[in-house]
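What follows is a single structure, written as structure tokens, with notes after it.
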Amino acid sequence: MDKKGNPWHCFLSCGQNILIIVMGIGLLDPGLCCPVECNCEHLLVNCTDKQLEEFPMGIPMDTRQLVLTNNNLTYLPSVELNLLIDLVYLDCSHNILGDSLEATFIALPLVYLDLSHNNLSKITLNTFYLLTSLVVLKLSDNPNLQEIEKDSFANNTGLRQLDLSRTALIYLDVSTVSLLPSLRTLGLSFNPWDCYCPLKDFLKWVMETDIYFIDAENMTCNTPIHIHGLLLKDTEPHINLMCLTTLYERDYLFLGLVGFVIFGSGTVVAWLTGVCVVIYDRLCGSSEDEEDEEDDERHPPPKPKKTQELAV
Ligand SMILES: *[C@@H]1O[C@H](CO)[C@@H](O)[C@H](O)[C@H]1NC(C)=O
Ligand SMILES: *[C@@H]1O[C@H](CO)[C@@H](O)[C@H](O)[C@H]1NC(C)=O
Ligand SMILES: *[C@@H]1O[C@H](CO)[C@@H](O)[C@H](O)[C@H]1NC(C)=O
Ligand SMILES: *[C@@H]1O[C@H](CO)[C@@H](O)[C@H](O)[C@H]1NC(C)=O
Ligand SMILES: *[C@@H]1O[C@H](CO)[C@@H](O)[C@H](O)[C@H]1NC(C)=O
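Residue numbers (mature numbering (1 follows the signal peptide of the UniProt record, and there is no 0)): -33 to -1, 1 to 279.
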């Protein structure tokens, strides 16, 4: 049965939906409502390729699968979206969603979320932290996505597939991906990775992990320029060399400190030697004095002199 009604019918049933929300009772089957632009069938609402600029109104509340791909959506309204409390599958690919989508996903049991081919610029700790059922997350082809905050997926412990390919990412904290207990597939290719020492731990993890990388043959460094195009997996010698050089710089500091300590000790030893020489000299001088004393009794007795020197 095609539930797509005329606009009047849809308006009516949407009104009934609001009534249901307000009164908290199911007066009518909420599935009767379907946005005019979409096809609704078996808990699937399909609004593919409709040049939508706004999130469609009147989506049945029991919808489990919502397809909004190939439209011109710039944002997802949190209130309307989070009314769909049974939504497990959301495809918003090929839109122009921007910003970080913070506070967009609140109480949804989403298992599959496709946000690829959009205009996201940043992922933060608050973007996906309430989507604890998530298994597949596609963020590829967001050419302005420059930053994913450390541990942004920490709550998505069921995540098995994560695609971050074809973004503007130059850096990623290793724990953001390495601590995901269920991760099996990861896309990192065609990103302008900046393979300098800060990325070292991430690169080491990429070399050691046994998860599957999408397009692994195109997972390469962009900078530094002399290894442009080098596979992330092949960066070990380069990283060892480059980050050892950094270590050398630290060594210079260390060596400088050691040198200073040696110089200081040398000074102290020289001073002590000088003191000993003076004491020896005075002692010898004293014995000469003693010898002299026998000859000339006008000289002061040497003993107080000795104790004075011992005190030094
Ligand atoms: C949604 O509709 C489009 C055509 O409008 C179709 O190509 C596509 O397969 C549908 N998607 C689903 C998940 O049924
Ligand atoms: C939606 O985007 C497409 C491609 O970006 C563009 O050709 C089309 O004119 C846009 N439609 C509207 C209604 O803005
Ligand atoms: C995409 O986002 C950037 C900012 O990150 C903005 O300057 C640009 O206009 C956006 N593009 C579209 C098509 O909305
Ligand atoms: C993880 O999700 C729970 C709710 O399920 C929330 O209370 C908690 O703050 C989240 N943790 C993080 C690190 O975001
Ligand atoms: C991806 O990698 C393969 C194998 O190295 C190469 O032939 C292909 O040109 C690369 N694709 C792009 C778009 O760079």
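Glycine included, each C-beta is placed from N, C-alpha and C at the ideal position.
In this chain, the alpha helix (DSSP H) harbouring residue 46 covers 45 to 49. Shortest Cα-Cα distance from residue 27 to any of 114, 5, 65 and 185 involves 5. Secondary structure at residue 246: helix, using DSSP grouped into helix, strand and coil. Its Cα nearest to that of residue 147, the residue 120 stands out among 120, 248 and -1.
From the listed residues 158, 139, 154 and 174, the smallest Cα separation to residue 166 is found for 139. Out of 202, 183 and 182, the CA that lies nearest to the CA of residue 191 is found in 202.
In this structure, residue 187 sits away from residue 170, with a CB-CB distance that is not shorter than 9 Å. Residues 38 and 39 of the same chain have their beta carbon placed closer than 8 Å to that of residue 18, with the five preceding and five following residues left out of the count. Minimum Cα-Cα distance from residue 62 among the listed residues 87, 46, 193 and 234 corresponds to 87. In the structure shown, the three-state DSSP call for residue 231 is helix.
Taking the CA atoms as reference points, residue 60 sits about 11 Å from residue 104.
In this structure, residue 32 lies near residue 10, with their beta-carbon atoms less than 9 Å apart. In the displayed model, residue 20 falls within coil according to three-state DSSP, outside both helix and strand.
Shown here, residue 143 sits in a helix according to DSSP, grouped into three states. Going by beta carbons, residue 72 and residue 97 fall inside the 9 Å limit. Distance between residue 95 and residue 174, taken at the CA atoms: about 27 Å. Selection around ligand 3 by beta-carbon proximity, strictly under 6 Å to any non-hydrogen atom, yields 63, 65, 86, 88 and 111 in chain order.
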